[in-house]
Structures are given as structure tokens and as C-alpha cells.
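Protein chains: 2
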Amino acid sequence: MTRQVTLAEIAESSGVSPATVSRVLNGDTRVSQERADAVRRAVAELGYSPNRGARSLASGKTGLVAVIIDNNLTVFEDPFWALVTKGISGKLLAHGVQSLLMVTDLATYDHTVAASLSPKQIDGAIFFQVHREELLYELADQGLPIVVTGTPQRPERLIYVDSDQFGGAQKATEYLIAQGRRNIATITGDVFASAAQQRLSGYKKGLESQGLQVNPNLIAIGDYSFESGRRGMISLLDSGETIDGLFAANDLMAVAAISVLEERGLRVPDDVSVVGFDDSQTAQISKPALTSVHQDIEQLGIAAAELILEAIAGAEPESRIHPTYLVVRESS
Amino acid sequence: MTRQVTLAEIAESSGVSPATVSRVLNGDTRVSQERADAVRRAVAELGYSPNRGARSLASGKTGLVAVIIDNNLTVFEDPFWALVTKGISGKLLAHGVQSLLMVTDLATYDHTVAASLSPKQIDGAIFFQVHREELLYELADQGLPIVVTGTPQRPERLIYVDSDQFGGAQKATEYLIAQGRRNIATITGDVFASAAQQRLSGYKKGLESQGLQVNPNLIAIGDYSFESGRRGMISLLDSGETIDGLFAANDLMAVAAISVLEERGLRVPDDVSVVGFDDSQTAQISKPALTSVHQDIEQLGIAAAELILEAIAGAEPESRIHPTYLVVRESS
DNA sequence: CTGAAAGCGCTAACAT
DNA sequence: ATGTTAGCGCTTTCAG
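Residue numbers (numbering that gives the first Met the number 0), protein chains in the order written: chain S, 0 to 331; chain L, 0 to 331.
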């Protein structure tokens, strides 16, 4: 086990004081060029890298951002979260900040996690899904910089990043209308999550903006799962309403709905035009390929990382809503 | 910003020395029952939790395990890795160990990452994909406990967890043969990854075990992508060989192959029986639903976490191969 | 069984 | 511009 090189050794080897080494390491400019070079040479030669624990203890900064995924609500299986995580981790790493990943059930909020969420343990935290918002306010009050992915219930109280769910759903609906459809149904996502509510609102807005009425019988409540997509489509069809268009709140439910439509002998897009949401791989490989609302997921993670970095630096960054757009394929 | 409670405050509040508090916290038994209780009471009342940095500095243990995902090779989009990660993080957290997630390009192996991979910074590391194995040997030589997911090239030199890729592929092939198929083709995954090689070997073994010959013309090289699945199936068909069965090294390529088969007017499974690998969501929602080799991915992550915990504790755990089994659906 | 004291490696005043 | 000097909060000998 090769021992870790310490700052003191760098100091000795390059003939300066530990303080000077520390300055060079931390980008303090008031160090003479030659000594700085000597230090950097020694660092390279001896293969030095600072000890995180010591640095954290002395400076109060940990260089760590927690990424917290509430396993209770989230299906981490969903590639969505993996992509967001990738964006976050990559961006933070580029800034010398590490991501502490916690996949845990926040409902129980066990002691291990609670203890890790103190400002002394991490510089900031990024939350996936706003499940128990109260917890976030508590943490924020403790002085912990926090960023949330997805729109919280009280948007003004938290810093967050989100895709334009509302706008995307509206565009999808308006596109269907532009195609000549007039009886457009929707299958919603899990309505306890804000994204599903926004997508539903966007759907309604889309109808109204084109002078159509919202018909409650054309709204089926789903939960993003394949099965709920099937159930939703079945109940929609069984309601007896005429349907010539469908906006599903995600691609998986869209595919499920299409399978039901085909079983009933209805053609997509001829009889019913279908649009999904997420523009996932599923949208690309399904038959017919799905028209879907695209959102740049990795970019969302990158934005979350940028905001938390700014918040840690003491700024009060503005929440960000990323644009979404429609990708037209065969299903509509 | 509520200040962090320190060990010294616990000591004072409970009328014992810091050393005693530390002992209680770390489960040292030689502390009188009553004082231990007093300490625990104070800890609960004041809401104390130890400072990771300080503890790490004093003890040399960090309570951190790095989870390293080589972004160059891995499509982190693949839900596979998300699930493995979930398994790892959950298990580690249950043992009070945190996961440091690094999604990075190991090929460039930049300084930030290198520095974080020292035994002083983390207690151990779990790697996804064995890309540049040399790096792992280096780190292991430095005394860093390491676990790899997936079988490395020199299995004897590293601790790893994997699913039984070989056995799964063999079972898939033998199933096709049991269905009466005799001209079974395969589309491989990225053959630079060991899993793809093992799946190919399993396919060959399956043929041979049933007395069939391996026909090189029936082997198409893919890379796990949808497009490569299409290309592979097209070249297979264009080769002029008779084909009545297909083992695709993952579900995505299986779906791609099926789309080509249908375009050519071939029926699945009537004309060509198809089996995929991974038993992913894609397998369940595709039409026809895919027969596929199942592997318990989250369990793989849990196993990786268990092994790294053992390795950190000083044991020399044995590598683990988890069983795989076939899930039969409509495509075969 | 318990306490005193010495650091772990680094940063941040405070001097100079 | 640079060095000196205290610690940061915890664990761990070493005494007792």
C-alpha cells in the first residue's frame, strides 16, 4: 500500500512553506511565479493529491454534493434518472466536486441519511422528485444549498430545473388539432407528481387555445406504467366517446394504448393519431414509431449541477425551465 | 445556519471524556453501561452526527466507496446500469457507507478522478465494465479494495460479480433447438466487451451440446445497438443461408431483427423463432413479446456491494456468478 | 473501564 | 509574497 503523499512533503521537497503549497493548490495568485512552478513540479513528480477529509475539516467545504433519489416514488429503472444523474455527475466532476449518490426511501428518512444531509457533511444537495417538500425547506433553513429537479409545489421557495412539461403537452395537443383531430383524449401520468399535472394542464390549454372544449370523459388517469396505459385506453374506448386523437403523458403508456387500439381493430394513425412524451428509445423502436415530445434529459442534469454550484458559491441562481419540442414520427 | 454538534459537546453534556464518547459511538464494549446510555441519550437529544472529514482524518477510513462508470464505453442510458447502481447504493447505505458516483471517461483518466481513487480518499471502488484492466491492477496494487461488475479478462486477478452470460446464451440456444429449429443464427453484442464474447460462446456451446455444427455464416457481429441489430439481420438474410431461429445478444437487437424479418415478409415465430437477452422492458412491450434471458440486475449490484464490504473488512471474498434463466413469451 | 494528549493533513488568520 | 501558528473534529495510543 503506497503511502499517500502529503502537502508537507511537497512543501519540503520544493523548499517552501506548507502555506505556500496550499496557496498554489487553491489558486491563490499572490505567489511568485517561480515558487508556484516549483510546487507544481513537486506535485507532479511525487503524485500528490490532497486529502479530502483534511481539507474538509480545515476549510469547512467538503467538495461533495449529495444526489438524492427517493426510491419510494422513483422507478430508478427509468432511464430518465440515469441520464439526469450522468449529467450531474459529469458536470460536477469537471468542477472538482464529487457526487454522493443516495438511493433511499425518504419517507422513512432514516438516521443515516439525515446525518449525511448536514452542511458539515456536504456542500449542497440535488433532489430528484419533490416528495416531501417540507424536508427540503428544513434543510434549506439549515443553510444547505438545494436544487430540485422537477417543479416543486411552491416554486418560489426552491431552486429547481425542469423541462417545459406544460408547453410540450400543449404543443402535442395543438399538433393533433392541426392534423384535423377534434376528439382528443389523454392518459395522464401519476397525478401526484407535478410533471403529470403540468402535462395535463398543457393538454387542456392546447385544446382551449384552439377553441375546443375539455371533455372530462376524454381524460383517463394513469400512472406512467404500461398497464395503466392499457387500462386508460380501454376505459376511454369503453366510455363510448368518439376518439380520433390521443396524447399520452409518456411513451410507455402511448405504446400500451396503441396495443389496445390495434386489438380493437383501430388503425394508428389513420383512425386514432397518437402522441407520447419523453421521446425515449421506446418511441423510436415502437411500431408504429411514436411521435413524442422531446426533452433533453442529460442537459437537465447539467443545469442542476450548474445551479447547485452557483448556490454553493453564494449566488441565488434562478430556476431554469428547458424547452421541449415535438418529434414527429409515424403514429400521428 | 444551525451549527453542527460536535463530539466534544456530547462529552461535556453527558459528563464523560471525548474518548469515551468515541468508544460508545464506535461500538467499543469496554464502557460501563450507564455512561454508554448517558452518551446515547445526549447524542439523541442534541442531534449529533459525526463529521465525516474528521473521522476520516483520524481513523484513515472514509466510509466512502467509489462507483465508477466508464462513460466512454457505457451507455448509461441503459437502464441496466441504473439498476446495478441502485442495488449498490442501497446496500452500502444500509451499512453506513456512502457511494461516490463517478461517471467519467476512464480512457483519458483525468487527474480529478485519479486523485479520488487513492486509498486515502475512499475505502474501496466498484467498477462498471472492465475497459482498461491495467488500471485496476495498479489500483489494487496500491492496496485499494476493488470489485468489478462483469467478468474481467483475467478473472483470477480480480474480484467480480456477473450474471451467467454463457449459461444464459446456451439455454436460449438449446431452447430454440428443442423447438425444432436447426438453422440458428446469432447477432452478437460488442465483442470487445466480455459479456458479448460469453454470450457468443454460450450460443456455440448450445449448438454443439445438441450435436449441431457452428456455421460462421450464421454469426453476425453487432454492438448491442438497434441499428446494428438491423444491419446484422439484413446481412444474415442476404447471406442466402436458411435461418429458422435467432439468438440476439440483447433485446434491442432482437427487436431490430424482428422489424427486418417482418419487412421481408417472414413471420415471428412461425418462420423464424427469436430469443433476446436481458429480459428488459423492451422484451415485455415489443410485439410479438420477446422470449428473453433474464438476469437479476439489482441483485448484481447488491452482490457487488457485499463483496466490496467484505474486501474492505479485510476478507478475500470469492467472485460471484448469478444464475440466468429463460423467460418464454411470444417470439419463440 | 476511563481520561489525557497527541496527532491525522490541511487551511486561514496573523505576522512579517 | 511568504512563513508561523493554530486549530478543524475525531480516533487512538498510552497511562492509570
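Every residue, glycine too, gets a C-beta built ideally from N, C-alpha and C.
For residue 123 (chain L), the enclosing beta strand (DSSP E) covers residues 123–127. Rounded to the nearest whole angstrom, the CA to CA distance from residue 251 (chain S) to residue 224 (chain S) is 7 angstroms. Comparing alpha-carbon positions, the option among L:128, L:326, L:138 lying closest to residue 192 (chain L) turns out to be L:128.
The C-alpha of residue 148 (chain S) lies about 50 angstroms from the C-alpha of residue 215 (chain L).
Using a Cβ-Cβ cut-off of 9 angstroms, residue 284 (chain S) is close to 225, 251, 254, 255, 258, 281, 285 of chain L, given in chain order. Of all alpha-carbon atoms in L:226, L:177, L:114, L:222, the one lying nearest the alpha-carbon of residue 206 (chain L) is that of L:177. For the set S:308, S:184, S:49, S:151, the Cα lying nearest the Cα of residue 25 (chain S) is the one of S:49.
Here the alpha carbon of residue 201 (chain S) sits roughly 13 angstroms from the alpha carbon of residue 211 (chain S).
For residue 78 (chain S), the neighbours in chain L by C-beta distance under 8 angstroms run, in chain order, 76, 77, 78, 81. Short of 8 angstroms from the beta carbon of residue 117 (chain S), and not among the five residues preceding or following it, lie these beta carbons of its own chain, in chain order: 141, 143. Annotated as proximal: residue 184 (chain S) and residue 217 (chain S), with beta-carbon spacing under 8 angstroms. In this structure, residue 253 (chain S) sits away from residue 229 (chain S), with a CB-CB distance that is not shorter than 8 angstroms. In this chain, the beta strand (DSSP E) harbouring residue 275 (chain L) covers 272–277.
Note: residue 97 (chain L) is bridge-paired with L:63 in the DSSP secondary-structure output. For a Cβ distance threshold of 8 angstroms, residue set 48, 49 of chain S lies close to residue 114 (chain L), ordered along the chain.
Under the Cβ distance rule, residue 103 (chain S) counts among the residues neighbouring chain L, one pair being separated by less than 8 angstroms. Residues of chain L whose Cβ lies closer than 8 angstroms to the Cβ of residue 89 (chain S) are, in chain order, 70, 102, 103.
Burial check for residue 120 (chain S): the Cβ neighbour count within 10 Å reaches 16 or more, so the residue is buried. Cβ proximity to chain L below 9 angstroms picks out nothing from the stretch 194–207 of chain S. Counting other Cβ atoms within 10 Å of its Cβ, residue 32 (chain L) stays below 16 and is therefore classed as exposed. An exposed status is given to residue 237 (chain L), since fewer than 16 other beta-carbon atoms sit within 10 Å of its beta-carbon. In the three-state scheme derived from DSSP, where H, G and I count as helix and E and B as strand, residue 319 (chain L) is classed as strand. Taking CB atoms only, residue 187 (chain L) has no neighbour in chain S less than 8 angstroms away. Below the 9 angstroms Cβ cutoff, chain S contributes 63, 97, 98, 99, 100 as neighbours of residue 99 (chain L), in chain order. Residues of the stretch 134–155 of chain S with a C-beta less than 7 angstroms from any C-beta of chain L: 141, 142, listed in chain order. Spatial neighbours of residue 8 (chain S) in its own chain (CB-CB distance under 7 angstroms, excluding positions within 5 residues in sequence) are listed in chain order as 45. Using a Cβ-Cβ cut-off of 7 angstroms, residue 55 (chain L) is close to 52 of chain S, given in chain order. Interface annotation, residue 117 (chain S): in contact with chain L, CB-CB separation under 8 angstroms. Contacts between residue 265 (chain S) and chain L, judged by CB atoms closer than 8 angstroms, are missing: the closest CB pair is about 15 angstroms apart.
CA-CA distance, residue 40 (chain S) to residue 10 (chain S), rounds to 11 angstroms. Per DSSP, residue 205 (chain S) is one residue of the alpha helix (DSSP H) stretching across 193–208. Between the stretch 155–172 of chain L and the stretch 314–329 of chain L, the count of Cβ pairs shorter than 8 angstroms is three or higher; the stretches touch.
Between the stretch 270–280 of chain S and the stretch 241–250 of chain S, the count of Cβ pairs shorter than 8 angstroms is three or higher; the stretches touch. The continuous alpha helix (DSSP H) containing residue 307 (chain L) extends over residues 296–311. If you draw a straight line from the Cα of residue 152 (chain S) to the Cα of residue 198 (chain S), it comes to about 15 angstroms. Leaving aside the five residues that flank residue 300 (chain S) on each side, the residues in its chain whose CB is nearer than 6 angstroms to its CB run, in chain order, 83, 86, 87.
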